[in-house]
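Have a look at the structure below, then the notes.
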Amino acid sequence: MTNIEFAEKIKGYLKGSKAKAKKYEDTVAVNFTFIDDMEDFYVAVREGVLDVAPYHYDDLQANVTGAAENIEKLFSGDVSFDGALTDGLVKVDGDVAKFKALEALVPAKKAEKPAAEKKAAPVAKPAAPAEKKAETKPSPAAAKPAETKAAAPAVKPAETKAPAPAAKPAAKKHTGSKKHGK
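This is the structure in C-alpha cells:
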C-alpha cells in the first residue's frame, strides 16, 4: 500500500472527527513514517481543521515511526496510543503530548461492543415483561409478598424495578391506615 492509499484510509477512519477537531485550540502536527518503506504521511489540526496528507510535514511537532499495520491499528481504534508506546509498536520523536492529542479524533472501538450487548439485552427484556404480566395478574389476587418472592428468582434488574414502585404505594396506604386506626 502506498502512502497515498494509506493517507486516504486514515482519512476514512477520521471522517467523523471534523467536529472534534474544531475543539482544538492549539496546532497539532504529527508526521508518521513507515519503517517498512520509509514513506510518510501526516495528520494535522490547525485552527480546528483536520488535515491528512500523503507526504512529509516539515513543521512537525512529533514524528512517529512504526510499521504500517501498527499505525493503522492506532487510527482504527484497535490499539490505544498509550498502549502502542508502551508495547513498542511505535516510536515518537518530539512532543509525545501532541501525538497523544490525536487519539481524541480516533473512533472508539469500545462503543461497538456495548452496541452488540444492547442488542442482546432487548431480546431478554421482552420475555421478562411477559412474565411480569403473568405474575402481576395473579399476584394482586393472591398476596403482594408472593409477587416479591416470584420476582427475586427471575431477572433481577428488570423485575426489581416494577415491584419497587408497587411496594411503595402499598406501604404508604398501610402506614396511613395504621395512623388513622390508632
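Every letter in the sequence shown is one number past the one before it in our numbering, and letter 19, counting from 1, is 15. All residues carry an ideal CB built from backbone N, CA and C; glycine is no exception.
Check your understanding: Alpha carbon to alpha carbon, how far is G90 from A100?
Key -> 19 angstroms
**Study point:** Inter-stretch contact (C-beta, 8 angstroms, three-pair minimum) for the stretch 92 to 99 and the stretch 16 to 26
**Key:** yes
Check your understanding: Under three-state DSSP, which class holds V102?
Key -> coil
Check your understanding: What are the residues that DSSP puts in a beta bridge with N59?
Key -> N27, D89
Point to revise | Anticipated Cβ contact below 8 angstroms, D36 with H52, distance rounded | key: 4 angstroms
Exercise for review: For the stretch 38 to 51 and the stretch 73 to 85, state whether three or more C-beta atom pairs, one from each stretch, are separated by less than 8 angstroms.
Suggested key: no
Review point. Rounded to the nearest angstrom, how far is the Cβ of N66 from that of L85, given a contact under 8 angstroms?
Key: 4 angstroms
**Study point:** One or two residues paired with F37 in a DSSP bridge
**Key:** F28
Review point. At what residues does the beta strand (DSSP E) containing L10 begin and finish?
Key: Counting along the chain, L10 falls outside any beta strand (DSSP E), and DSSP gives it neither H nor E.
Exercise for review: Would you decide whether A93 is buried or exposed? Buried here means 16 or more other CB atoms lie within 10 Å of its CB.
Suggested key: exposed
Exercise for review: Could you name the residues that DSSP lists as bridge partners for A3?
Suggested key: The partner list for A3 (beta bridge, DSSP) is empty, contrary to what the question assumes.
Exercise for review: Please report how far the alpha carbon of S72 lies from the alpha carbon of A40, in whole angstroms.
Suggested key: 17 angstroms
Check your understanding: If we ignore side chains and look at the alpha-carbon of each, how far apart do Y20 and M(-3) end up?
Key -> 30 angstroms
Check your understanding: Where do the N-terminal and C-terminal ends of the alpha helix (DSSP H) with D47 fall, by residue?
Key -> Element bounds for D47: not the alpha helix (DSSP H) but the beta strand (DSSP E), 45 to 49.
Exercise for review: Kindly examine the ligand GDP and report whether one of its heavy atoms sits closer than 7 angstroms to the Cβ of D89.
Suggested key: You won't find the ligand GDP in this model; it holds no ligand whatsoever.
Point to revise | Buried versus exposed, by CB contacts within 10 Å (16 or more), I6 | key: buried
Practice item. Report the residue from A15, G12, V88 whose alpha carbon sits nearest the alpha carbon of L56. Key: V88
Review point. Quick one, are the C-beta atoms of V102 and Y9 less than 8 angstroms apart?
Key: yes
Review point. Is it right to say G62 is buried, meaning 16 or more other beta carbons lie within 10 angstroms of its own, or is it exposed?
Key: buried
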